[in-house]
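*Asks:* Take this structure first; my questions come after.
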Amino acid sequence: APHQSGNNSGVLHAGIYYAPGSLKAKLCVRGIDLAYEYCDKHNVPYKKVGKLIVAVEEAEVPRLEGLKALWSPHTGIVDWALVTNSYAADFETRGGTVYTEYPLKSMTVVGESSKLGAANDYPVVLESEPSLSKIRSKFVITCCGLQSDRVAQLSGGSPVPKIIPFRGEYLLLVSESKKKLITTNVYPVPDPRFPFLGVHFTPRMNGDVWLGPNALLAFKREGYRFSDISFTDLYDALSYKGMRKLAFKFLGYGIKEFYRGLWITGQVKQLQKFMPDLRRSDVARGPAGVRAQALDLNGNLVDDFVFDSGQGELSKRVLHVRNAPSPGATSSLAIAEMIGERASTLFNLKHKAPKSPTAPRDLRSQ
Numbered sequence: 001a002p003h004q005s006g007n008n009s010g011v012l013h014a015g016i017y018y019a020p021g022s023l024k025a026k027l028c029v030r031g032i033d034l035a036y037e038y039c040d041k042h043n044v045p046y047k048k049v050g051k052l053i054v055a056v057e058e059a060e061v062p063r064l065e066g067l068k069a070l071w072s073p074h075t076g077i078v079d080w081a082l083v084t085n086s087y088a089a090d091f092e093t094r095g096g097t098v099y100t101e102y103p104l105k106s107m108t109v110v111g112e113s114s115k116l117g118a119a120n121d122y123p124v125v126l127e128s129e130p131s132l133s134k135i136r137s138k139f140v141i142t143c144c145g146l147q148s149d150r151v152a153q154l155s156g157g158s159p160v161p162k163i164i165p166f167r168g169e170y171l172l173l174v175s176e177s178k179k180k181l182i183t184t185n186v187y188p189v190p191d192p193r194f195p196f197l198g199v200h201f202t203p204r205m206n207g208d209v210w211l212g213p214n215a216l217l218a219f220k221r222e223g224y225r226f227s228d229i230s231f232t233d234l235y236d237a238l239s240y241k242g243m244r245k246l247a248f249k250f251l252g253y254g255i256k257e258f259y260r261g262l263w264i265t266g267q268v269k270q271l272q273k274f275m276p277d278l279r280r281s282d283v284a285r286g287p288a289g290v291r292a293q294a295l296d297l298n299g300n301l302v303d304d305f306v307f308d309s310g311q312g313e314l315s316k317r318v319l320h321v322r323n324a325p326s327p328g329a330t331s332s333l334a335i336a337e338m339i340g341e342r343a344s345t346l347f348n349l350k351h352k353a354p355k356s357p358t359a360p361r362d363l364r365s366q
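Take 1 as the starting number for the sequence shown in our numbering and just add one per residue.
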């Protein structure tokens, strides 16, 4: 789990932030219950530490009253890398094989041939580098995170929405006396004017406390540092009409985030709204994660699930999960049910998956 699955805040979200009755809320509520059940069954450690939502500005008070809750006791923390590795172990136990370091280059359907014999049952061919073997499959489901749009286009999928990588940098709370004060997740009131949530305090399973994150355009799709640059990825992002529109809408916000990314003092000032006696000496630079944010042509962050299958023969055998918005980790098992139902219908499978809360957005009908 080297990317989004492992590099995140490690929170089990209870769904308090999401609109009642929405797909995100339904998947999160079911997902957190399934996640706790899974962790208990597979001995994956977690802690129910709750979440405290704090208003730090006078204008935020009405939004808190609208939520009708300040304390979320069902929220927890877990190491999602451990959970992901456990998922992989389950897959292998059921006869699957996990390949890593397999950059996908092409996806094709091979017609039936008497020379292929039993291979005719596996007509989809996945190819990587010449030195790596081909993989044949009957059906393909992709959930490729930061590369999801590019992989979808291998089967003729739409180039929109495009994945734009945003890096979130955390600080570590190094003051032992202040660490003891953070026994729960401390989160801000969501501000509908801005695309990202803002900084928060997150206790970790290993005893650390993470502060942040900020939100910066990453110069590489897997770019965890300022110095990580891919000119191909950067051009891909900046040449996209939707990215330019987003940058124009939130220019001031972006400049402030860039400043706070370069100078820790800027982040500390934000965090002092929650902990007034926090000092620069109490924190140190910590890890970073890169978020795969789907963006439409109008510069809107896509906040819905997006599925695609491409065109031609591949469309009958391939299902791409183009976007699975936060809280994707918490909702992962509920999302898996939804994907299973979708695949059962698309691939005409005999064994139907459990019914998901509602239907996701489908690019093929747009």
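Even for Gly, the Cβ is constructed at its ideal location relative to N, Cα and C.
Nothing here was measured: the structure is a model prediction, and the numbers come from that model.
1. Quick one: measure Cβ to Cβ for Phe368 and Phe139, integer angstroms, because I've assumed they're closer than 8 Å.
2. How many angstroms separate the CA atom of Asn214 from the CA atom of Ser22?
3. Nearest to Thr202 by alpha carbon, out of Leu211, Pro188, Pro327 and Leu234?
4. If you scan the segment 150-221 from start to end, which runs of the beta strand (DSSP E) of 3 or more residues do you find wholly inside it?
5. Closest to Leu297 by CA distance: which of Ser72, Val160, Glu169 and Asp233 is it?
6. Determine, using beta carbons only, whether Leu146 and Met107 come nearer to each other than 9 Å.
7. Whose C-beta lies closer than 7 Å to the C-beta of Ser128 among residues of the same chain, with five residues either side of it excluded?
8. For Gly76, does the three-state DSSP call read helix, strand or coil?
9. If I measure Cβ to Cβ from Ile182 and keep anything under 6 Å in the same chain, skipping five residues before and after, which residues do I get?
10. Can you tell me the Cβ-Cβ gap for Gly286 and Tyr122, rounded? I've got them flagged as a contact below 8 Å.
11. With distances taken Cα to Cα, identify the nearest neighbour of Val174 among Gly156, Leu278, Thr75 and Ile141.
12. Please tell me whether Ser332 and Lys24 are closer than 9 Å, where the distance is taken between their beta carbons.
13. Thinking C-beta only, is Asn8 closer than 9 Å to Ala237?
14. Could you say which of Leu217, Lys350, Val318 and Ile164 lies nearest to Cys143 if we only look at CA atoms?
15. Mind checking whether Asn300 and Gly242 have CB atoms under 9 Å apart?
16. Which residues does DSSP list as the beta-bridge partners of Leu126?
17. Would you mind giving the Cβ-Cβ distance between Val54 and Phe194, rounded to the nearest angstrom? I have them listed as a contact below 8 Å.
18. Tell me His320's beta-bridge partners as DSSP assigns them.
19. Please confirm if the segment 37-46 is in contact with the segment 75-87, defined as three or more CB-CB distances below 8 Å between the two stretches.
20. What residue range is occupied by the uninterrupted alpha helix (DSSP H) comprising Ile229?
21. With DSSP collapsed to three states, give me the class of Gln147.
22. Using the Cα positions of Leu172 and Ala343, report the straight-line distance between them to the nearest angstrom.
23. What residue range does the alpha helix (DSSP H) around Lys269 cover?
24. Which two residues bound the contiguous alpha helix (DSSP H) that contains Arg342?
25. From Gly261, Tyr259 and Leu34, pick the residue whose C-alpha is nearest to that of His42; which is it?
26. So, His320 versus Ile141, is the Cβ gap smaller than 9 Å?
27. So which of His74, Glu92, Leu246 and Ala284 has the shortest CA-CA distance to Thr184?
28. According to DSSP, is Arg291 part of a helix, a strand, or is it coil?
29. Just how far apart, CA to CA, sit Ser158 and Val125?
30. Tell me the rounded alpha-carbon separation between Ser230 and Lys256.
31. Ordered along the chain, which non-local residues of its own chain (more than five positions away) have a Cβ less than 8 Å from that of Phe248?
32. What residue does the alpha helix (DSSP H) around Val54 start on, and which one ends it?
33. Let me make sure I understand the geometry here. Which of Gly168, Val49 and Asp191 has the alpha-carbon closest to that of Phe226?
34. With the cut-off set at 9 Å, would you say Val109 and Gly312 are in Cβ contact?
35. Identify which residue in Gln293, Ala294, Ser315 and Val268 has its Cα closest to the Cα of Asp282.
*Replies:* Looking at the coordinates:
1. Since the first and last residues shown for the chain are 1 and 366, residue 368 lies out of range.
2. 27 Å
3. Leu211
4. 162-173, 185-188, 200-203 and 209-212
5. Ranked by how close their Cα comes to the Cα of Leu297, the residues Ser72, Val160, Glu169 and Asp233 have Val160 in first place.
6. no
7. Tyr102, Pro103, Leu104 and Lys105
8. strand
9. Phe201, Pro203 and Val209
10. Not a contact, Cβ separation roughly 45 Å.
11. Leu278
12. no
13. no
14. Ranking the options by Cα distance to Cys143, first place goes to Val318.
15. yes
16. Met107 and Ile135
17. Contact doesn't hold; Cβ gap of about 17 Å is too wide.
18. Thr142 and Asp308
19. yes
20. Counting along the chain, no alpha helix (DSSP H) covers Ile229, and no H or E run does either.
21. helix
22. 42 Å
23. Boundaries of the alpha helix (DSSP H) harbouring Lys269: Ile264 to Leu271, taken from the DSSP string.
24. Ser332 to Leu346
25. Leu34
26. yes
27. His74
28. Residue state, collapsed to three classes: strand.
29. 20 Å
30. 23 Å
31. Gly299
32. Not the alpha helix (DSSP H): Val54 falls in the beta strand (DSSP E), residues Lys51 to Val54.
33. Across the set Gly168, Val49 and Asp191, the C-alpha of Gly168 shows the shortest separation from the C-alpha of Phe226.
34. yes
35. Val268
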